[in-house]
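Per full-length UniProt numbering, the sequence shown starts with residue 1, numbered consecutively. Each residue gets a CB set at the ideal place from its N, CA and C atoms; glycine is no exception. Read through the structure below, which is laid out as C-alpha cells, and then see the notes.
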Amino acid sequence: MEYVFFKDEGLNQFHLDNKELFEERLLEEAVNVKDKIEEIKLIGNINLIANAHNVVLYVVNGNEKELIEFGKKEGIAWAKNNLTLSFKIEWIQAIRMTLWDFLNKYRQLNSEKDTEWFYKMGKQINRLLDVFFKGFFLSYSHYKDDLIESQRKLVEHLSVPVIPVSSSVSVIPLIGTIDEYRAMIMEEKVLQTIRDHSIQTIILDLSGIAEMDYNVIQKFMKLFEGIKILGCDPIITGLRPEVVSSIAKLDMSFSKKAKSKATLQQAIKDYL
C-alpha cells in the first residue's frame, strides 16, 4: 500500500489520509499487545486503535491540555479494570516509534520541510508523548492508591466490628489472630467509638481468640485502662482456657482491669 500525500497538507492530515498504514505499522511494533486488543476492548471498553489515533492527533497538533486529560482518563480506565500496565507501556512506545516513522516519511514527501522543522517536530512528539504517559501513570497510581486505602479501611473496620446493642452498650466480637497492628487498630477504634457515642459499657467477646502473646496482652491492659478513663466499663466474655493459661504464665491478670463473664449471652443479659 502506497502512502497518500497531498501538497501543503499538514502532518495531522497526512496521518488521517494514511490511517490504515499507521495501524499496520503500529501493530508490527506492538508485538505483545496486538493479540490483546480485543480482550482489552471487551474487559474495559477501551479501543486501543481509536485511542492511538486520538493521541497522535493531540500530539501533532500540540494540544497538550487535551492530551493530559485524555491520559488521566485512560489511566483510570486501566486501573479500574485491572489491565496490565506493561501492555500500556509497550503500546505507547509502539505509538512513538510508528509516529516517528510517519514523521520521517512525511518529510521525505514534503520537500519544504527542512532538518530544523524535523528536529523541532521530533522534540514535540517525544515531549508530548511523555506528558501523556505521565498523566496516564499518575491517574493510574492515584486510583490504585485510593482503592488500596479504602480496602485497608474496610479490612480494619471488619477486623474490629463495634456492634451497638443499646444506646449505652456495645459489643466487639473478636475472631482470629490478634497481632500488634490489629490490637492498635482496636484501641483506636474502641476509644473513638466510646467518645463519639457516649458508651457506658463495652463488651469484648474473646471466644474466637485462641492465643495471645505478651505484647498483645499488654495492649489489652492498656486498652482497658483507656476505656475506664473515658468513664466506660470494660467487660470480657468467652476467655478460652488456653488464653487464660497464657495470661497466668506471664503473671498477669485481666481481672483488675475489666469484669469478666463466661459468655456473651450472659453479659448481654446482665447489662441490658
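Lys-261 is bridged by DSSP to Thr-237. With respect to the 8 Å criterion, Asn-12 and Leu-85 are not classified as neighbours on the basis of their beta carbons. An exposed status is given to Ala-50, since fewer than 16 other beta-carbon atoms sit within 10 Å of its beta-carbon.
Looking at Arg-240, Ile-236, Lys-134, His-142, the one whose alpha-carbon comes closest to that of Ile-76 is His-142. Distance from the Cα of Trp-78 is smallest, within the candidate group Leu-48, Val-165, Lys-105, for Leu-48. Nearest in C-alpha terms to Thr-98, of all of Val-33, Leu-21, Glu-112, is Leu-21. Scanning its chain for C-beta atoms nearer than 6 Å, with the 5 sequence neighbours on each side dropped, one finds around Asp-233 the residues Thr-201, in chain order.
For Ser-150 and Lys-144, the gap between their C-alpha atoms comes out near 10 Å. With respect to Val-160, Ser-170 sits apart: the two C-beta atoms are not nearer than 8 Å.
If you draw a straight line from the Cα of Lys-41 to the Cα of Lys-34, it comes to about 12 Å. Within its own chain, the residues whose Cβ lies closer than 8 Å to the Cβ of Phe-87, once the five positions on either side in sequence are excluded, are Asn-32, Val-33, Lys-36, Ile-40, listed in chain order. Gly-208 sits in a strand when the DSSP states are folded into three classes. Under DSSP, the beta-bridge partners assigned to Thr-201 are Val-169, Asp-233. Pairing Ile-268 with Arg-152, the inter-Cα distance amounts to about 31 Å. Assigned with DSSP and collapsed to three states, Leu-174 falls in strand. For Ile-163, DSSP records a beta bridge to Val-171. The three-state secondary structure of Gly-135, taken from DSSP, is helix. Assigned with DSSP and collapsed to three states, Tyr-3 falls in coil, not helix or strand. Within the stretch 36-70, the complete alpha helix (DSSP H) segments at least 4 residues long are 37-44, 48-60, listed from N- to C-terminus.
Glu-2 and Ile-148 have their C-alpha atoms some 50 Å from each other. Between Lys-259 and Met-221, the C-beta spacing is not below 8 Å. Closest by C-alpha distance to Asp-8, out of Arg-107, Lys-72, Trp-100, is Arg-107. Burial of Ser-139 is indicated by the presence of at least 16 other C-beta atoms within 10 angstroms of its C-beta. Inter-segment contact for the stretch 223-239 and the stretch 203-214 is present: three or more beta-carbon pairs are separated by less than 8 Å.
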